[in-house]
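In case it helps, numbering that gives the first Met the number 0 puts the sequence shown at residues 0 to 374. Below is one structure, written out as structure tokens, with a few remarks after it.
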Amino acid sequence: MTPPPPRDPIHLPTSPHASAPSRSTRYCSSCPKLCRYACPVADSTQNERFTPWGKQTEWERVQTGRAPLDPERARTFYACADCRGSRTACHHEIEVAKDLFQARETAVRFGVIDPAPDALQRFLKTGNIWGRSRPLSPSPHPEPSPAWTLFPGCEFDCEPGGEWLASWKRVAGQLDIGWNRLSDESISCGGYPLLALGYGDAFRSHQQRIRQALSGCERLLVACPACRPIVQDLAAPDCQVRSPFELLQPRLPSSICGQEQTTITYHDPCHLGRGAGIYDSPRELIRSLFGETSLIELYEHGEESRCCGGGGALPATFPRTAHHLLQVRKDQVRDTGASILATACPTCRRRFSHGSSGLPALDLVELVDRALNSS
Ligand code: SF4
Ligand code: SF4
Numbered sequence: 000m001t002p003p004p005p006r007d008p009i010h011l012p013t014s015p016h017a018s019a020p021s022r023s024t025r026y027c028s029s030c031p032k033l034c035r036y037a038c039p040v041a042d043s044t045q046n047e048r049f050t051p052w053g054k055q056t057e058w059e060r061v062q063t064g065r066a067p068l069d070p071e072r073a074r075t076f077y078a079c080a081d082c083r084g085s086r087t088a089c090h091h092e093i094e095v096a097k098d099l100f101q102a103r104e105t106a107v108r109f110g111v112i113d114p115a116p117d118a119l120q121r122f123l124k125t126g127n128i129w130g131r132s133r134p135l136s137p138s139p140h141p142e143p144s145p146a147w148t149l150f151p152g153c154e155f156d157c158e159p160g161g162e163w164l165a166s167w168k169r170v171a172g173q174l175d176i177g178w179n180r181l182s183d184e185s186i187s188c189g190g191y192p193l194l195a196l197g198y199g200d201a202f203r204s205h206q207q208r209i210r211q212a213l214s215g216c217e218r219l220l221v222a223c224p225a226c227r228p229i230v231q232d233l234a235a236p237d238c239q240v241r242s243p244f245e246l247l248q249p250r251l252p253s254s255i256c257g258q259e260q261t262t263i264t265y266h267d268p269c270h271l272g273r274g275a276g277i278y279d280s281p282r283e284l285i286r287s288l289f290g291e292t293s294l295i296e297l298y299e300h301g302e303e304s305r306c307c308g309g310g311g312a313l314p315a316t317f318p319r320t321a322h323h324l325l326q327v328r329k330d331q332v333r334d335t336g337a338s339i340l341a342t343a344c345p346t347c348r349r350r351f352s353h354g355s356s357g358l359p360a361l362d363l364v365e366l367v368d369r370a371l372n373s374s
């Protein structure tokens, strides 16, 4: 048999968006979608373009000049909640959102898309996407020294009723936790919303401000798990970084356990669970407050926990999909039959508080406040 003639080499069109695709982007775009089942956005939209494979393939085609970077393709990059569900299912542990955030920034930089111009303006004006000023200036509990510095994140810092901050202030006082605020109190957001929206320049200039404000900080409490890795990267390498709830359990009086008989289910926030690997300590805290049998696990929990749709700027860019993800998770919460939903992320807590889950949604700090102060 005569061998076929050699093919002409493929000449890629030159493109201003051309760059070398990362190894992870190349892996995904050659993959038979092994993680498809674990992607809540693919599951909700039933659209192959929105699978991890589909999104990475679009990005790889743009980077190699095989496809133009047009608004429709740029929108594909936003169909991701940054939940890391696909990473759990992936043999290579690929973080798809990392590549997509780079794709988003490229699309914004070239003026192909401007996903949330109003939110950007609000951030530039007030330092948070809500455009809110802080309602409450809590006076710090003064000692012992060295105090922890609280970085509450914009959701807790700017919530209109200041409920979380009031709980924190009460609990920290009762459990003798010395704390203060950043020297620049106008900074409360780590900038995750800017990063997720693709506003890279604004994100980096916000990072500069945070880095300056963190100078000399040795012990930091970051209440927002999405902003926690960003803030940690900007702090000194030997700075201790914790979530506020992590300080509470060792200080609880043993007499508190089981005083209130109730049942709790716990929603693992994506950035605290799959992001930081923190699964056990929230559960230990719940059991030490309400007893060994108080915790009822959700159908999908721990590393398999399902995203509530709040991350990756999904509510701003794909609101119907984000809403659907929340409804699916709320159904799982309802199916547990628990009386309280606990979580450890301001975004999750806000999303579960709205609408018809039927359960009060409390952050772990508020749960401790309830156990210490409800009688
Ligand atoms: S994340 Fe892993 S399993 Fe999913 S498409 Fe990429 S390579 Fe395949
Ligand atoms: S991070 Fe979550 S939403 Fe994004 S591709 Fe992976 S599983 Fe899908």
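A virtual CB, placed ideally from N, CA and C, is assigned to each residue, including glycine. Just so we're clear, the structure is a prediction, and the values are computed from it rather than from any experiment.
- Residue side-chain check: Ser-21 keeps its Cβ at 8 angstroms or more from all non-hydrogen atoms of ligand 2.
- For Ser-85, the distance from the CB to the nearest heavy atom of ligand 2 is below 8 angstroms.
- Comparing C-alpha distances from Arg-103 to each of Tyr-198, Ala-66, Ser-43, Gly-177 shows the shortest one belongs to Tyr-198.
- Secondary structure at Tyr-265: strand, using DSSP grouped into helix, strand and coil.
- Arg-273 sits buried, since 16 or more C-beta atoms from the chains shown fall within 10 Å of its C-beta.
- Distance between Phe-289 and Gly-64, taken at the CA atoms: about 58 angstroms.
- Per DSSP, the unbroken beta strand (DSSP E) holding Gln-239 starts and ends at 239-241.
- Three or more Cβ pairs closer than 8 angstroms define a contact, and the region 238-248 meets that threshold against the region 361-372.
- Our two residues, Ala-37 and Arg-72, have alpha carbons roughly 22 angstroms apart in a direct line.
- Secondary structure within the region 277-337: the alpha helix (DSSP H) runs of 4 or more consecutive residues, fully enclosed, are 279-289, 313-316, 318-335 (chain order).
- In the pairwise beta carbon analysis, the region 183-190 is classified as not touching the region 162-170: fewer than three pairs are separated by under 8 angstroms.
- Short note on His-270: C-beta not closer than 8 angstroms to any heavy atom of ligand 1.
- If one requires a minimum length of 4 residues, the alpha helix (DSSP H) runs lying completely within the region 56-95 are 70-75, 84-88, in chain order.
- Taking a C-beta distance under 9 angstroms as the contact criterion, Leu-294 and Arg-305 do not qualify as a contact pair.
- Set against 8 angstroms, the gap from the CB of Leu-220 to the closest heavy atom of ligand 1 is not smaller.
- Among the bridge pairs identified by DSSP, Arg-208 is matched with none.
- Distances from the CA of Ala-343 to each of Val-221, Cys-238, Ala-80, Pro-236 were compared; the closest alpha carbon is that of Val-221.
- Around the beta-carbon of Phe-49, 16 or more other beta-carbon atoms lie within 10 Å, marking it buried.
- A contact between stretches requires three or more CB pairs, one per stretch, nearer than 8 angstroms, and the region 145-161 meets this requirement with the region 176-183.
- Ordered along the chain, residues surrounding ligand 1 are Tyr-26, Cys-27, Cys-30, Leu-33, Cys-34, Pro-51, Trp-52, Ser-85, Cys-89, Ile-93 [Cβ under 5 angstroms from any heavy atom].
- Distances from the alpha-carbon of Thr-44 to those of Thr-320, Leu-119, Pro-67, Cys-157 put Thr-320 closest.
- Burial is judged here by how many other beta carbons sit within 10 angstroms of a residue's own beta carbon; Tyr-298 has fewer than 16 and is exposed.
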